[in-house]
Amino acid sequence: MKYLIFLCLISFSYVAYSDNHMPKTYGMEGWQCNFDKGKDLDDLKRFTKKFNPYADKNWNKPYSSFILTPFLRSEEEVNFDVAWVGFTNNHVDLGNIQDSWFATGGNIAAEFESITDCNTIGYYIAAEAREPTVPFEEGKDAYFAIYSCSFKEGKSGLDLTTNDKSWNEYNDNRGFTGGVWRWWPGPGTSNSFEGDFLMNISFNSMEELGQYLDDRLRDSFAGTRPESILNCDNPRVYTAYNARNRPFEDSQPEESNSE
Numbered sequence: 012m013k014y015l016i017f018l019c020l021i022s023f024s025y026v027a028y029s030d031n032h033m034p035k036t037y038g039m040e041g042w043q044c045n046f047d048k049g050k051d052l053d054d055l056k057r058f059t060k061k062f063n064p065y066a067d068k069n070w071n072k073p074y075s076s077f078i079l080t081p082f083l084r085s086e087e088e089v090n091f092d093v094a095w096v097g098f099t100n101n102h103v104d105l106g107n108i109q110d111s112w113f114a115t116g117g118n119i120a121a122e123f124e125s126i127t128d129c130n131t132i133g134y135y136i137a138a139e140a141r142e143p144t145v146p147f148e149e150g151k152d153a154y155f156a157i158y159s160c161s162f163k164e165g166k167s168g169l170d171l172t173t174n175d176k177s178w179n180e181y182n183d184n185r186g187f188t189g190g191v192w193r194w195w196p197g198p199g200t201s202n203s204f205e206g207d208f209l210m211n212i213s214f215n216s217m218e219e220l221g222q223y224l225d226d227r228l229r230d231s232f233a234g235t236r237p238e239s240i241l242n243c244d245n246p247r248v249y250t251a252y253n254a255r256n257r258p259f260e261d262s263q264p265e266e267s268n269s270e
């Protein structure tokens, strides 16, 4: 099923190109971790004070990351203490950074491993459906609401561009400042995942999340919300600490001329 979703995403990309609406996509890695005995979030935040200078010195590609701490969740669904998600322009850059990490990151990696035990590591394609109007700020918190989503019967990735436009107009009108991304599972992610992708909606405060919930209830009764082409579960909400923020170039990897 997961491979069919990748094919669907590729097909969607070609359609989007033809209409000049290719979404921004990013290379993404996700780590799920537990803290080692006696360690906590403060230790991980202190680690970033060493990690960022290391990355600035050794990596020639931009990389941004967040530390996610579960907040609104059920114990049966979220069984880890903390997650690390990192983003690059594309997977070529992510691979470049990973190679550098293997070659030069021995000491800094050992310090990371002295704080956390990470048994789950996977790659994703992150596709941006809505750009936030308030930028993330390194060293500050935001909130990520992460849903598991599947397409409704008869709908597919080919319907995303038009549907995103309707939802972005709706969210503009209600003054929403956050962003929306779809995280398509890739290498290392669980093959038991039954959704098509994860959807991440960012909020700049819990008050903004509360406003979203109130607006959803009101507009659902009024019948003024756009059509949803997705079936999504209740989200897990995480505090998202912006551990590293380096601007990305607005570019995609060059196409290969090989056939």
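Converting from the sequence shown to our numbering requires adding 11 to each position, the first position being numbered 1.
Here a beta-carbon is modelled for each residue, glycine too, at the ideal position from N, C-alpha and C.
Computed from a prediction, not measured in an experiment: that's the story for all the values here.
Backbone secondary structure at residue i - three-state DSSP
i           : result
residue 207 : coil
residue 139 : strand
residue 74  : coil
residue 240 : coil
residue 190 : coil
residue 64  : helix
residue 80  : strand
residue 263 : At residue 263, the pLDDT of 49 sits below 50, so the modelled position is not reliable and the matter cannot be decided from this model.
residue 155 : strand
residue 124 : helix
Separation of residue j from residue i, as counted between CA atoms
i           : j           : result
residue 155 : residue 218 : 13 Å
residue 169 : residue 207 : 14 Å
residue 179 : residue 236 : 11 Å
residue 188 : residue 58  : 30 Å
residue 19  : residue 75  : Unreliable positioning characterises residue 19 in this predicted model, as indicated by a pLDDT of 45, which lies under 50. A coordinate reading is not provided.
residue 111 : residue 203 : 31 Å
residue 48  : residue 108 : 29 Å
residue 113 : residue 167 : 38 Å
residue 102 : residue 71  : 14 Å
residue 100 : residue 86  : 33 Å
residue 104 : residue 209 : 22 Å
Cutoff 6 Å; reference residue i; Cβ partners in own chain excluding five residues on either side
i           : result
residue 139 : 34, 35 and 192
residue 214 : 154, 189 and 220
residue 152 : 250 and 252
Under 8 Å between C-beta atoms of residue i and residue j
i           : j           : result
residue 190 : residue 98  : no
residue 194 : residue 211 : yes
residue 247 : residue 88  : yes
residue 249 : residue 56  : no
residue 136 : residue 234 : no
residue 238 : residue 132 : no
residue 222 : residue 129 : no
residue 134 : residue 199 : yes
residue 141 : residue 182 : yes
residue 127 : residue 46  : yes
Residues near residue i in its chain [Cβ-Cβ closer than 8 Å; skip 5 each side]
i           : result
residue 258 : 73
residue 62  : 119, 123, 254 and 255
Minimum Cβ-Cβ distance from residue i to chain D less than 8 Å
i           : result
residue 106 : Here chain D cannot be found, since the structure has a single protein chain.
Same chain, Cβ closer than 7 Å to residue i, five either side skipped, listed in chain order
i           : result
residue 83  : 247 and 248
residue 226 : 185
message = Is it the case that the stretch 167-184 contacts the stretch 120-129, given that we only count it when at least three CB pairs across the two stretches are under 8 Å?
response = no
task = State whether the stretch 135-147 contacts the stretch 57-71, with contact taken as three or more CB pairs (one from each stretch) at a distance under 8 Å.
result = no
request  = Determine contact between the stretch 234-245 and the stretch 160-169, defined as no fewer than three beta-carbon pairs at a distance below 8 Å.
outcome  = yes
ask   = With a cut-off of 8 Å, do at least 3 Cβ pairs link the stretch 91-101 to the stretch 37-54?
value = yes
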